[in-house]
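A.B. asks: Going by this note's numbering, the first residue of the sequence shown is number 3, and it counts up by one from there. Here a beta-carbon is modelled for each residue, glycine too, at the ideal position from N, C-alpha and C. Got a structure for you, questions after.
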Amino acid sequence: MDFFERYEVVPLQLSEIAGDYQTWALDFFTHPGRVSNSYIDITVQLDISIASSIWQKKLANGKGTLTAWLIWNLLQSLKEFPCFQWRYINGQWFEVKNPPLFCPIAVNRADRFVNLILENPFKLAWVDFAETWDTLKQQIQLDGTFQTSDTSAFGFSQFIGNLPNLHFTSLTLHQPANFCQPFFYFGARRNNEPKAMIMPLAAKFHHGSCDPYVFDLLLQNYLQRLEKH
Numbered sequence: 003m004d005f006f007e008r009y010e011v012v013p014l015q016l017s018e019i020a021g022d023y024q025t026w027a028l029d030f031f032t033h034p035g036r037v038s039n040s041y042i043d044i045t046v047q048l049d050i051s052i053a054s055s056i057w058q059k060k061l062a063n064g065k066g067t068l069t070a071w072l073i074w075n076l077l078q079s080l081k082e083f084p085c086f087q088w089r090y091i092n093g094q095w096f097e098v099k100n101p102p103l104f105c106p107i108a109v110n111r112a113d114r115f116v117n118l119i120l121e122n123p124f125k126l127a128w129v130d131f132a133e134t135w136d137t138l139k140q141q142i143q144l145d146g147t148f149q150t151s152d153t154s155a156f157g158f159s160q161f162i163g164n165l166p167n168l169h170f171t172s173l174t175l176h177q178p179a180n181f182c183q184p185f186f187y188f189g190a191r192r193n194n195e196p197k198a199m200i201m202p203l204a205a206k207f208h209h210g211s212c213d214p215y216v217f218d219l220l221l222q223n224y225l226q227r228l229e230k231h
């Protein structure tokens with residue numbers, strides 16, 4: 003099974019896109035020579051106090067971790083905004099309807115990082131996602147090795163990383179040479195004041211498919227989702 007079949011990759015139907023701006027942006031920001039850098043980097047500080055409290059009271063005794071729960075909820079929000087699943091492949095825009103999760107995991111070994119690739123995250127309920135996450139992470143921490151073949155699925159994935167020891171105020175990520183995919187990184191959670199937990203979230207996205215307006219909508223959806231459990 004090739005990646006197009008596995009990840010349900012279909013050509014983007016430009017005629018079905020609402021609004022002239024989006025159609026213009028898809029062409030303008032991928033046209034050689036018009037813009038030297040078509041990516042936007044934004045870092046925000048999210049108040050996850052309520053989300054953390056919900057986790058501790060209702061979910062902490064089950065499978066998974068708070069980080070896994072934050073990732074799963076972000077994936078559920080991303081699913082509601084198809085533009086974050088658009089990829090530019092060989093001069094054509096596609097939509098990846100079933101992207102894998104690609105998450106580098108730090109290990110205290112020579113390899114330094116091992117890639118956690120979790121299939122079908124859009125289709126998994128929290129309980130199933132948590133169990134799969136725990137299993138994959140245990141395997142990685144026990145004897146996982148860095149595999150260059152993992153990068154084959156990279157461009158089709160939803161990349162969500164975690165830097166649990168860095169409470170960054172700004173993070174600029176690598177600019178990919180192709181695919182025009184978005185990237186997300188969580189930072190260290192910190193209690194800034196009594197009962198307030200702040201977590202940095204860095205995002206890089208291609209201006210052809212996404213923009214700050216849509217990113218703001220994504221954040222609103224994400225925070226509402228975290229606080230309704």
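Beta-carbon separation of Lys60 and His231 under 8 Å?
C.D. replies: It is a contact, given that the beta carbons lie within the stated cut-off.
A.B. asks: Looking at the structure shown, is Asp49 part of a helix, part of a strand, or coil, going by DSSP?
C.D. replies: In this structure, Asp49 counts as strand in the three-state DSSP scheme.
A.B. asks: Using CA atoms only, rank isn't needed, just tell me which of Ile19, Trp26, Asp49, Asp29 is closest to Asn193.
C.D. replies: Selected option, being the one with the closest Cα: Asp49.
A.B. asks: Following the continuous alpha helix (DSSP H) through Glu7, name the residue where it begins and the one where it ends.
C.D. replies: 5-8 is the extent of the alpha helix (DSSP H) around Glu7.
A.B. asks: What would DSSP say about Leu80, mapped onto helix, strand or coil?
C.D. replies: Correct three-state label for Leu80: helix.
A.B. asks: Residues in the same chain with beta-carbon distance under 6 Å from Lys206, minus the five sequence neighbours each way, listed in chain order, please.
C.D. replies: Excluding residues within five positions, the ones whose Cβ falls inside 6 Å are Tyr41, Asp43, Leu175, Phe185.
A.B. asks: Determine the burial state of Val37: buried for a count of at least 16 other Cβ atoms within 10 Å of its Cβ, exposed for fewer.
C.D. replies: Classification of Val37: exposed, given that the 10 Å Cβ count is below 16.
A.B. asks: For Lys81 and Ala112, I'd like the C-alpha separation in whole angstroms.
C.D. replies: Going by the C-alpha atoms only, they are around 35 Å apart.
A.B. asks: Between the alpha carbons of Gln177 and Ser51, how many angstroms are there, rounded?
C.D. replies: So the alpha carbons of these two residues sit roughly 32 Å apart.
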